[in-house]
Amino acid sequence: EDQVTQSPEALRLQEGESSSLNCSYTVSGLRGLFWYRQDPGKGPEFLFTLYSAGEEKEKERLKATLTKKESFLHITAPKPEDSATYLCAVQATDYKLSFGAGTTVTVRA
Amino acid sequence: GAVVSQHPSWVICKSGTSVKIECRSLDFQATTMFWYRQFPKQSLMLMATSNEGSKATYEQGVEKDKFLINHASLTLSTLTVTSAHPEDSSFYICSAGTSGINEQFFGPGTRLTVL
């Protein structure tokens, strides 16, 4: 069974204080690892897809990396608008997504 | 990017009634649509996968007679919660994907409250 574990569960940061979120996974036949941002009461917003170990992708203050067992989402110099829940999901060969429980990030000004 | 809409955005109903939720892909043809359920402070749990023109595939533990899914066209899928009960109250989210493309694009979600 595919498993995705995210840590920490919650992260409180001061504006400008960089940090990293972790996503550990086990999956039979990884098609891709996805990062989403979810604001309260909204659907997930796509951020990145990573396909192979060693791959990195960046978007503004966010950078995602992938190894064979885990992925990291680095937030550099965060701003209050980066406050959200960040979800990690793995996609197996059947195209289904298995989600982690998420990391709720709060950035204080 | 691809846009997926859901209607209604929220609904309140009495116990025992049925509720229909629509999911539409606005600017692309979705060969596959997925329905998820999210309880407060929990992650998304896949309920079922539907391909246009064929019967939905339900995840283990999801009652197919209670959660009716129809994917009649490449831009529309519906989820009907039949004989809803308070324990069905949740945030229902759909996503849509295109054959050969890995990404799923999510709708804004529908908040269902059953009194």
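Top to bottom, those sequences are chains A and B.
In terms of this note's numbering, the first sequence opens at residue 45 and continues consecutively.
In terms of this note's numbering, the second sequence opens at residue 119 and continues consecutively.
Built from N, CA and C at the ideal position, the CB exists for glycine as well.
- In the three-state DSSP reduction, A:E114 falls in the strand class (E or B).
- Under DSSP, B:H125 shares a beta bridge with B:E140.
- Chain-order list of chain B residues neighbouring A:G144: S161, by C-beta distance under 8 Å.
- Residue-level contact check: A:R81 does not touch chain B, since none of the beta carbons of chain B fall below 8 Å from its beta carbon.
- Pairing B:Q160 with A:C67, the inter-Cα distance amounts to about 16 Å.
- A contact between stretches requires three or more CB pairs, one per stretch, nearer than 8 Å, and the stretch 197-206 of chain B meets this requirement with the stretch 127-138 of chain B.
- Here the alpha carbons of B:T231 and B:K182 stand approximately 20 Å from one another.
- Excluding residues up to 5 positions away in sequence, T200 lie with their Cβ nearer than 6 Å to the Cβ of B:K184 in the same chain.
- If one requires a minimum length of 3 residues, the beta strand (DSSP E) runs lying completely within the stretch 150-188 of chain B are 150-156, 163-169, in chain order.
- If you draw a straight line from the Cα of B:A174 to the Cα of A:G87, it is about 22 Å long.
- Within the same chain, G215 come within 7 Å of B:E221 by CB-CB distance, once the 5 residues on both sides are set aside.
- Residue contact with chain B for A:Y139: present (Cβ-Cβ distance below 8 Å to some residue of chain B).
- Excluding sequence positions up to five before and after A:E59, its CB lies within less than 7 Å of the CB of P122, K123, P124, V151, R152, A153, all in the same chain and listed in chain order.
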